[in-house]
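So the protein sequences, as listed, match chains A and B.
For the record, in the first sequence the residue sitting at position 352 is 354 according to our numbering, with numbers rising by one throughout.
For the record, in the second sequence the residue sitting at position 11 is 33 according to our numbering, with numbers rising by one throughout.
Step one of this worksheet: look at the structure below.
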Amino acid sequence: MTDTLTLPRRTEPSRRPHPISGPATGLLLAALVAGLMAALVVGISIGSVNLPLGQVWGVVGAHLTGRGGQADPLFSQVVWEIRTPRALLAALAGAGLSVAGVALQALVRNPLADPYVLGVSSAASLGAVLVPALGSTALAGAFGVTGAAFAAAILSALLVYLLSQRSGRLLDSWLVLTGVAVGYLCAAATTFVQLQLNPTELQGMMFWLMGSVAGASWSDLGVPALLIVSCMAWLALQARALNALMAGEEAAIAIGVPVAALRIGLLVAGSLLTATVVSVVGGIGFIGLMIPHMVRFVVGADHRRVLPVSLLAGALFLVLVDLAARVADRPNELPVGIFTTGLGVPFFLWLLRRRAKGGGHAA
Amino acid sequence: MRLDLTGVSARIDARPIVEDITLTVGPGEFVALVGPNGSGKSTLLRTVYRSLRPSAGVIRLDGQDLWRMRPRQAARHRAILPQHGKAGEGFSAAEVVAAGRHSHRRPLDRETAADRAAVVTALGRVGMEWAADRLMTTLSGGERQRVLLARALAQEAPLLVLDEPTNHLDVGSQLLLLDLIRSLGLTLLAALHDLDQAAAYADRVVVLRDGRVAGHGPPLEVLTPAFIEEVFGVRAHVGPHPITGRPHIAVASAVTTSNELFTTHQGR
Numbered sequence: 003m004t005d006t007l008t009l010p011r012r013t014e015p016s017r018r019p020h021p022i023s024g025p026a027t028g029l030l031l032a033a034l035v036a037g038l039m040a041a042l043v044v045g046i047s048i049g050s051v052n053l054p055l056g057q058v059w060g061v062v063g064a065h066l067t068g069r070g071g072q073a074d075p076l077f078s079q080v081v082w083e084i085r086t087p088r089a090l091l092a093a094l095a096g097a098g099l100s101v102a103g104v105a106l107q108a109l110v111r112n113p114l115a116d117p118y119v120l121g122v123s124s125a126a127s128l129g130a131v132l133v134p135a136l137g138s139t140a141l142a143g144a145f146g147v148t149g150a151a152f153a154a155a156i157l158s159a160l161l162v163y164l165l166s167q168r169s170g171r172l173l174d175s176w177l178v179l180t181g182v183a184v185g186y187l188c189a190a191a192t193t194f195v196q197l198q199l200n201p202t203e204l205q206g207m208m209f210w211l212m213g214s215v216a217g218a219s220w221s222d223l224g225v226p227a228l229l230i231v232s233c234m235a236w237l238a239l240q241a242r243a244l245n246a247l248m249a250g251e252e253a254a255i256a257i258g259v260p261v262a263a264l265r266i267g268l269l270v271a272g273s274l275l276t277a278t279v280v281s282v283v284g285g286i287g288f289i290g291l292m293i294p295h296m297v298r299f300v301v302g303a304d305h306r307r308v309l310p311v312s313l314l315a316g317a318l319f320l321v322l323v324d325l326a327a328r329v330a331d332r333p334n335e336l337p338v339g340i341f342t343t344g345l346g347v348p349f350f351l352w353l354l355r356r357r358a359k360g361g362g363h364a365a
Numbered sequence: 023m024r025l026d027l028t029g030v031s032a033r034i035d036a037r038p039i040v041e042d043i044t045l046t047v048g049p050g051e052f053v054a055l056v057g058p059n060g061s062g063k064s065t066l067l068r069t070v071y072r073s074l075r076p077s078a079g080v081i082r083l084d085g086q087d088l089w090r091m092r093p094r095q096a097a098r099h100r101a102i103l104p105q106h107g108k109a110g111e112g113f114s115a116a117e118v119v120a121a122g123r124h125s126h127r128r129p130l131d132r133e134t135a136a137d138r139a140a141v142v143t144a145l146g147r148v149g150m151e152w153a154a155d156r157l158m159t160t161l162s163g164g165e166r167q168r169v170l171l172a173r174a175l176a177q178e179a180p181l182l183v184l185d186e187p188t189n190h191l192d193v194g195s196q197l198l199l200l201d202l203i204r205s206l207g208l209t210l211l212a213a214l215h216d217l218d219q220a221a222a223y224a225d226r227v228v229v230l231r232d233g234r235v236a237g238h239g240p241p242l243e244v245l246t247p248a249f250i251e252e253v254f255g256v257r258a259h260v261g262p263h264p265i266t267g268r269p270h271i272a273v274a275s276a277v278t279t280s281n282e283l284f285t286t287h288q289g290r
């Protein structure tokens, strides 16, 4: 029996496993909510034209209390119809992409997975540009831009998933390579479609490729908000199963996780979130890679903490990036995709090197 | 807990890997699955994991069909220590062990006192309670494997299935892990690649060759020098261990006589 067995123990004192754990996670969440609110306030207050702060918040206050009609029409147009939905869309897109990253990383058990790296974003862009290119054909009409982007995203995710499979097992190392290849194919197809478009149509297409939250309207917010809430709720219910899945497929099956069904759910949730976001803001890269990573570094890998913290951190990040994109080169605006990719690529390379060296606890 | 495999066959990419395997593990028994690389040990275990559905045959736990159980129900009957025990980067040992409680609660249930107690108990049984708050990546290979064993114990399942649990461990950690597993009082089915360890620890061995059972029974009855040479292509000496007195198997390459290789090297 165990009492006859001497098991070696270490006696040096143990440090806390993560910089933030236990009740401190609640404080972190509260701080992120406060930070997001503050960023939204700044995002609505600042723009390419300077408006007095009192007027800005007078308009917002008027609309929030149902007296929108009484506000100055010009201010109302700028603040309520342009800036407010734009800031909110940035928050939704950041949250959606960040949570999509968490879902796809759990799906492939590889922290390098992200909607962009796996080619899902490129495929969604292709689906979106195909609709105006095909014009008024019944197919395009039936699906709509969002539907086409979603269908293309799901198809590419499925393709990458199937191609990375061998003997019923998913090979982590193949996934990134397959995803990159599928992504290139979609990018080439998108370029081909662009060449078929006339210059005025092309102008409108540029934003699919760069990624931008400019031109957001209130009607753009409903579908992403609904999908993010429902995907997030489903993922939150699976948090413990996701933790088990990160420890290996067989380990997850061993403790009673229905792995095959969970994986299909993750693929649908990840693709759905990505497709929805891409269909309204275009290809904004690397958020799904960067944010969950930083979050794991701070709160550990437990999805019960990673999911809500990533959601809020992603929203905060993209609101701030959009702000930077608007003020960096006033009065011109830069596409946010340039900023996220500019930050994301060095981060990705740093991550690869870190993992090559044997990895730390951040992954 | 009694495990019965009856006529189990399994395929990978339509290629038959194991065929018509029938074996039984009685309550509290330790059965070792041995055989050369590619003989189908891991594939057969995957059918018991429920990660690969058998193409024919039935697997029963105390008479119940394993593949007809719900995932959580199966997890309350059999625990697993897989071969490549991925550590779960970013998780502490206690978080890893707590995952073993998955089958004991519904998705929205909060952790109960029973869950927390089971985690502490499981870590204590493998001598790892001191590591509860440590990250898995800061532990040694042997320590990590003991934490993963604790996760299996937290499932409170009477059957434990292990796939070469001592792989990649140093000799001290290998023997410690086997002593520990043997002491748990569970029904055990383990694929082992070291014949000497199988002989010393298992009550019975089942030998696989080319996906079929080549022999089964108590280690000393099955693992005779002639049989080992036939299946593994090595020469063997079987006798009591010079230190412990337990069954001991020493093996040597079939192609060299006793000092030939050694003297050739010395001659250079």
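We put the beta carbon where it would ideally sit given N, CA and C, even for glycine.
Check                                                                                                                                                                           : Outcome
Closest Cβ-Cβ distance between G24 (chain A) and chain B: below 8 Å?                                                                                                            : no
Any beta carbon from chain B within less than 8 Å of N245 (chain A)'s own beta carbon?                                                                                          : yes
So, for H20 (chain A): in the same chain, excluding its five sequence neighbours on each side, which residues have a beta-carbon less than 6 Å away from its beta-carbon?       : V301, G302
Among B:F254, B:D26, B:H263, B:P187, which has the Cα closest to the Cα of A276 (chain B)?                                                                                      : B:F254
Flag this pair as touching only if the stretch 176-187 of chain B and the stretch 314-332 of chain A have three or more C-beta atom pairs under 8 Å; answer yes or no.          : no
Going by DSSP in three states, D324 (chain A) sits in which element: helix, strand or coil?                                                                                     : helix
Quick check: the Cα distance between G60 (chain A) and S47 (chain A), rounded to an integer number of angstroms?                                                                : 11 Å
Just tell me which of A:L91, A:I257, A:Q57 has its CA closest to the CA of A101 (chain B).                                                                                      : A:I257
Taking G261 (chain B) as part of the alpha helix (DSSP H), name the residues at either end of that continuous run.                                                              : Note, G261 (chain B): premise wrong, no alpha helix (DSSP H); beta strand (DSSP E) at 256-262.
Enumerate in chain order the residues of its own chain whose CB-to-CB distance from A96 (chain B) is below 7 Å, with the five nearest sequence positions on each side excluded. : R72, L88
I need the boundaries of the alpha helix (DSSP H) containing D26 (chain B), first residue and last residue.                                                                     : Unbroken run through D26 (chain B) is the beta strand (DSSP E), 25-34; no alpha helix (DSSP H).
Let's see if you can read the secondary structure: which residues bound the beta strand (DSSP E) around P269 (chain B)?                                                         : 269-275
Thinking C-beta only, is M158 (chain B) closer than 8 Å to V169 (chain B)?                                                                                                      : yes
Mind reading off the beta-carbon distance from Y223 (chain B) to L200 (chain B)? Whole number of angstroms is fine, and I expect it under 8 Å.                                  : 5 Å
Based on Cα-Cα distance, which residue from B:V80, B:S114, B:H270 lies nearest to D304 (chain A)?                                                                               : B:S114
Going along the chain, which residues of the stretch 53-86 of chain A sit with their C-beta nearer than 9 Å to a C-beta in chain B?                                             : none
Quick one: what does DSSP say I39 (chain B) is sitting in, helix, strand or coil?                                                                                               : strand
For I11 (chain B), is the classification buried or exposed, using 16 other Cβ atoms within 10 angstroms of its Cβ as the cut-off for buried?                                    : Within the shown structure, residues of chain B are numbered from 23 to 290, placing residue 11 (chain B) beyond reach of any answer.
Tell me the start and end of each unbroken alpha helix (DSSP H) in the stretch 103-191 of chain A that is at least 4 residues and wholly inside, in chain order.                : 122-136, 140-165
Report the rounded CA-to-CA distance for G339 (chain A) versus G112 (chain B), giving the unit in angstroms.                                                                    : 29 Å
From the DSSP secondary-structure annotation, give me the bridge partner or partners of D87 (chain B).                                                                          : B:R82
Span of the alpha helix (DSSP H) holding D21 (chain B)?                                                                                                                         : Here chain B has residues from 23 to 290 only, and residue 21 (chain B) is not among them.
If I measure Cβ to Cβ from A153 (chain B) and keep anything under 8 Å in the same chain, skipping five residues before and after, which residues do I get?                      : A115, L145, L161, E165, V169
Hey, out of B:L242, B:G239, B:L217, whose CA is closest to N59 (chain B)'s CA?                                                                                                  : B:L217
Based on Cα-Cα distance, which residue from B:L211, B:R234, B:G233 lies nearest to V227 (chain B)?                                                                              : B:L211
Does the stretch 24-36 of chain A come within contact of the stretch 115-126 of chain B, defined as at least 3 CB pairs closer than 8 Å?                                        : no
When burial is assigned at 16 or more other CB atoms within 10 Å of the CB, is F194 (chain A) buried or exposed?                                                                : exposed
On a Cα-Cα basis, can you pick out the residue from A:P54, A:A95, A:L187, A:G68 that is closest to V119 (chain A)?                                                              : A:L187
Report yes if the C-beta distance between E41 (chain B) and G237 (chain B) is below 8 Å; otherwise report no.                                                                   : no
For W20 (chain B), decide whether its Cβ has a neighbour in chain A, counting only Cβ atoms nearer than 8 Å.                                                                    : Any answer about residue 20 (chain B) is impossible in this case: the structure gives chain B only from 23 up to 290.
When you compare only the Cα positions, how much space is there between L66 (chain B) and A32 (chain B)?                                                                        : 7 Å
Need the endpoints of the beta strand (DSSP E) that H238 (chain B) sits in, please.                                                                                             : 234-239
Of all the CB atoms in chain B, is at least one closer than 8 Å to the CB of H363 (chain A)?                                                                                    : Because H363 (chain A) sits at a pLDDT of 39, beneath the cut-off of 50, its placement in the model cannot be relied upon, and the following sentence gives the value as read from the coordinates. Yes, its Cβ sits closer than 8 Å to a Cβ of chain B.
For A272 (chain B), which residues from the same chain have a beta carbon less than 6 Å from its beta carbon, with the 5 sequence-adjacent residues on both sides left out?     : H259
Is the beta carbon of A151 (chain A) within less than 7 Å of some heavy atom of the ligand GTP?                                                                                 : In the structure on display, the ligand GTP does not appear, and there are no ligands present to speak of.
Work out the CA separation of L268 (chain A) and D331 (chain A) for me, nearest whole Å.                                                                                        : 39 Å
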